[in-house]
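Peer 1: Next up is a structure, given as structure tokens.
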Amino acid sequence: MRTSLNAEFADTRASDLVWTLEEPELAPLAKLTVPLGACRAELRILGASHQVVLHRNGHTPLVETVACLPGREGELPPHVETTPAGAGTYTFTSEVAVLAWTEFTERVDRVRAAAGYDPHSVVASFPGNPYAVTTLTVQPPEEGQLRWRTWHGYPNTGELVTTTTVCAPDRAGRGRKEHPDRE
1 MRTSLNAEFA DTRASDLVWT LEEPELAPLA KLTVPLGACR AELRILGASH QVVLHRNGHT
61 PLVETVACLP GREGELPPHV ETTPAGAGTY TFTSEVAVLA WTEFTERVDR VRAAAGYDPH
121 SVVASFPGNP YAVTTLTVQP PEEGQLRWRT WHGYPNTGEL VTTTTVCAPD RAGRGRKEHP
181 DRE
């Protein structure tokens with residue numbers, strides 16, 4: 001799914017990003033819900049990056065947030081392995097590439113092209129600069145594991161942030177109880 005956002009592009013950089021599994025669900029600017037066997041993932045574009053919300057058995061076992069969060073210092077770890085309650089095993093990796101303008105635009109164009117027609121992806125462009133993008137894609141479940149990747153383009157600094165998450169939800173899938181009025 002491709003979407004153009006109405007929110008203005010903010011002059012941010014990779015060092016402003018925070019990774020957390022503790023942030024509540026935030027209102028998205030765009031959202032794509034993808035069924036993944038016994039789970040479903042909401043790929044959410046935020047004004048300041050992304051959330052992936054994993055649902056299973058009436059519970060929300062995982063809310064991954066990578067975003068610029070008010071009042072929080074940037075802290076994007078290169079690697080995290082943990083076992084959040086109800087989410088089974090979870091591995092997160094991130095990479096920040098600082099690129100010359102030509103290489104930056106070529107890589108963003110490749111990411112957009114690859115994800116743009118994938119029914120399990122959302123590509124969001126912010127107004128004001130066509131290379132200010134956030135892209136999320138989730139792969140079909142394989143051997144009990146879910147995998148998603150994200151790309152965040154910061155044209156003001158030539159930074160392309162790539163994250164990869166692998167999650168193997170436990171069978172019970174219990175975590176935060178979903179609100180009955182949510183889908």
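Heads up: the sequence shown begins at 1 in UniProt numbering, then just goes up one per residue.
Note that beta-carbon positions come from the ideal geometry of N, C-alpha and C, so glycine has one too.
(1) What would DSSP say about E25, mapped onto helix, strand or coil?
(2) Assuming F54 and P169 are in contact, meaning their beta carbons sit under 8 Å apart, how far apart are those beta carbons, in whole angstroms?
(3) Would R110 be called buried (16 or more neighbouring beta carbons within 10 Å of its own) or exposed?
(4) Just mark W19 as buried or exposed, buried being the case when its beta carbon has 16 or more other beta carbons within 10 Å.
(5) Using only CA atoms, which one of T135, A114, S15, E73 lies nearest to R44?
(6) Tell me which residues share the same chain as R149 and place their Cβ nearer than 6 Å to its Cβ, disregarding the 5 neighbours each side in the sequence.
(7) Just to confirm the assignment: which complete beta strand (DSSP E) runs, minimum length 3, are found wholly within the region 91-127?
(8) Output yes or no for whether 7 Å exceeds the beta carbon distance between residue 195 and G153.
(9) For V98, collect the residues of the same chain with a Cβ closer than 8 Å to its Cβ; drop the 5 residues on either side in sequence, then sort them by chain order.
(10) Applying the criterion that 16 or more other CB atoms from any shown protein chain within 10 Å of the CB defines a buried residue, is W151 buried or exposed?
(11) Look up T163 in the DSSP assignment and say whether it is helix, strand or coil.
(12) Rounded to whole angstroms, how far is the Cβ of C167 from the Cβ of A87, which I believe are closer than 8 Å?
Peer 2: Based on what the coordinates show:
(1) coil
(2) The question names Phe, but residue 54 in the sequence shown is Leu. Yes, they are in contact, since the Cβ atoms of L54 and P169 sit about 7 Å apart, within 8 Å.
(3) Looking at its Cβ environment, which holds fewer than 16 other Cβ atoms inside 10 Å, R110 is exposed.
(4) With 16 or more other Cβ atoms within 10 Å, it is buried.
(5) Of the candidates T135, A114, S15, E73, the one whose C-alpha sits nearest the C-alpha of R44 is T135.
(6) T137, T164
(7) 121-125
(8) Nothing about residue 195 can be reported from this structure: the residues present for the chain run from 1 to 183 only.
(9) T157, G158, E159
(10) buried
(11) strand
(12) Contact between C167 and A87 holds: their C-beta atoms lie close to 6 Å from each other, under 8 Å.
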